[in-house]
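The sequence shown stops at residue 408 when you use the working numbering, and every number in between is there. Take a look at the structure below.
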Amino acid sequence: CLPTETMKQMLASIPDQRLFSDIDEENLMMTVNYNSGKFTVPVVNADEYPEPKVADKTICAFSLDGGWLIPRVKAAKVCVQENNLRPIMGNIALDADYEGVSLVGTDGHTLYKDRLQVGVGGGFLDGKPGVLLLHQSVFDVIQAGFVSAESIRIETDGQMVTLRSDNFTLIY
Numbered sequence: 237c238l239p240t241e242t243m244k245q246m247l248a249s250i251p252d253q254r255l256f257s258d259i260d261e262e263n264l265m266m267t268v269n270y271n272s273g274k275f276t277v278p279v280v281n282a283d284e285y286p287e288p289k290v291a292d293k294t295i296c297a298f299s300l301d302g303g304w305l306i307p308r309v310k311a312a313k314v315c316v317q318e319n320n321l322r323p324i325m326g327n328i329a330l331d332a333d334y335e336g337v338s339l340v341g342t343d344g345h346t347l348y349k350d351r352l353q354v355g356v357g358g359g360f361l362d363g364k365p366g367v368l369l370l371h372q373s374v375f376d377v378i379q380a381g382f383v384s385a386e387s388i389r390i391e392t393d394g395q396m397v398t399l400r401s402d403n404f405t406l407i408y
């Protein structure tokens, strides 16, 4: 495990590019390689953390292609802002229905919206249609953690949101 704030600070100094990471579980070190260099940071054994709470009952779940989601999160994040008077404006909304998903980000002045249409009866949505909010505090983690993910599974039980790929899971 690596605290997200530590990872966020390190990744902020690297230009947009594909990253590859390797974790040495014996020495508890993670090496991140990128086009123009690499860095190594200590990690914490996951056994030292409590098991994350598992959703009691998933009410809305769907999978998105990482190649579709990541660039749109990046584009939408410029349209959201931290505003204590309007905290909803610090989120990207994923509005999922049986035919696809809309991704929306706005600060009330600028708007980003895109829709992935998968067609009726495509088996896209498990559960009921719903809106999931991705808070701005997780945008960079989503971009870094899922950058090479082919498919991202997104689930909610109405309180917690879980994003999962083959090698990365984010629960908040």
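Cβ coordinates follow ideal geometry from the N, Cα and C atoms, glycine included.
- Residue pairing by DSSP places residue 391 opposite 297 and 398 in a beta bridge.
- Under the 10 Å beta carbon count, residue 385 is surrounded by 16 or more other beta carbons and is classified as buried.
- Residue pairing by DSSP places residue 269 opposite 256 and 274 in a beta bridge.
- Within the same chain, 326, 327 and 408 come within 8 angstroms of residue 371 by CB-CB distance, once the 5 residues on both sides are set aside.
- Its Cα nearest to that of residue 241, the residue 381 stands out among 302, 348, 252 and 381.
- The DSSP assignment places 302-312 as complete runs of the alpha helix (DSSP H) inside the stretch 295-340, in order along the chain (cut-off: 4 residues).
- In the displayed model, residue 377 falls within a helix according to three-state DSSP.
- When beta bridges are read from the DSSP output, residue 353 appears opposite 336.
- Inclusion of residue 264 and residue 278 in the CB contact set at 7 angstroms is warranted, their separation being smaller than that value.
- Going by beta carbons, residue 298 and residue 332 fall inside the 7 angstroms limit.
- At a Cβ-Cβ threshold of 7 angstroms, residue 344 and residue 316 do not count as neighbours.
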